[in-house]
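Structure record follows, encoded as structure tokens.
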Amino acid sequence: MAGTRRVVIVGIPGVGKTTVVEHIVRILKSRNTGVRVVSFGTEMLEHAKRRGIKDRDALRKEGRDEQERLQREAAKSISVIDSEVVVIDTHAFIATPSGYYPGLPSPILDIIRPTHLISLTAKPERIFSRREQDKSRTRDPNSISGIKRELAIQDAMLSACSVHSGSPVMPVFNRDGEANDAAEKILRSVGL
Ligand code: ATP
Ligand code: MG
Numbered sequence: 000m001a002g003t004r005r006v007v008i009v010g011i012p013g014v015g016k017t018t019v020v021e022h023i024v025r026i027l028k029s030r031n032t033g034v035r036v037v038s039f040g041t042e043m044l045e046h047a048k049r050r051g052i053k054d055r056d057a058l059r060k061e062g063r064d065e066q067e068r069l070q071r072e073a074a075k076s077i078s079v080i081d082s083e084v085v086v087i088d089t090h091a092f093i094a095t096p097s098g099y100y101p102g103l104p105s106p107i108l109d110i111i112r113p114t115h116l117i118s119l120t121a122k123p124e125r126i127f128s129r130r131e132q133d134k135s136r137t138r139d140p141n142s143i144s145g146i147k148r149e150l151a152i153q154d155a156m157l158s159a160c161s162v163h164s165g166s167p168v169m170p171v172f173n174r175d176g177e178a179n180d181a182a183e184k185i186l187r188s189v190g191l
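Heads up: the sequence shown begins at 0 in numbering that gives the first Met the number 0, then just goes up one per residue.
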């Protein structure tokens, strides 16, 4: 696992993480590079389901102790994945009534040890309409001003992750219809 690139991709809901990651996987597979993708939320959900929490949108409404336990369990599962590239699709923060919790608090960074941090972003107007069009998910109320605030919090959270882990942050734009370009930029930034 020493040579594994553990690439954490963060982005606010609807920015297009899952879409861009699908392109990354396709590109790497075409080059015969080993890749595993984990959604941090899905990994947490696997552990959460055993405790009766039914979906990922209910997950972030759980109490802090439960969140932290599930985060640690998910991080441990991810840390033992042995592949040339491990892509971790996650959020820089989780909005709760008490404020914004870090998606990657220090203990979690210490377990995962990311080699690269990617901050996926897009124009607030585009994120707004992607959320409106994507009816497959249950999301919080949507507004341009809220999206701008979330993008600012994402930057702040990811700077802290970079300082803590010593790993570089690369901001990547996911332009409309150009998710493949975003994927290529991410691969270049991790040296692939
Ligand atoms: P979440 O954090 O909620 O999982 P996400 O960041 O993974 O969200 P996606 O599910 O990948 O976001 O994308 C949200 C919507 O935006 C989807 O309908 C997707 O098809 C669309 N989308 C993503 N990237 C682009 C793009 N570059 N151009 C046009 N549409 C896009
Ligand atoms: Mg997603």
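Just so you know, even glycine gets a beta-carbon here, dropped at the ideal spot from N, CA and C.
Sorting Gly10, Gly145, Arg68, Asp109 by C-alpha distance to the C-alpha of Ala181 places Gly10 at the top. In this structure, Gly13 has its CB closer than 7 Å to one or more heavy atoms of ligand 1. When the beta-carbon positions are compared, Ile77 and Ile117 stay at least 8 Å from each other. Secondary structure note for Leu157: its alpha helix (DSSP H) is the uninterrupted segment 143 to 164. Counting only runs of at least 4 residues, the segment 46 to 115 fully encloses the following alpha helix (DSSP H) elements, listed from N- to C-terminal order: 55 to 58, 63 to 78, 105 to 111. Residue pairing from DSSP places Met169 in a beta bridge opposite Ile117.
In summary, Gly15 is buried, with 16 or more beta-carbon neighbours lying within 10 Å of its beta-carbon over all protein chains present. By the neighbour-count criterion, in which a residue is buried when 16 or more other Cβ atoms sit within 10 angstroms of its Cβ, Gln132 is exposed.
Within its own chain, the residues whose Cβ lies closer than 8 Å to the Cβ of Thr17, once the five positions on either side in sequence are excluded, are Ser38, Asp88, listed in chain order. Here the segment 119 to 129 makes no contact with the segment 63 to 81; the two share fewer than three CB pairs at distances below 8 Å. Inter-segment contact for the segment 80 to 95 and the segment 149 to 160 is present: three or more beta-carbon pairs are separated by less than 8 Å. Relative to ligand 2, Asp88 has its C-beta within less than 7 Å of a heavy atom. Between ligand 1 and Glu177, a heavy atom-to-CB distance of less than 7 Å is present.
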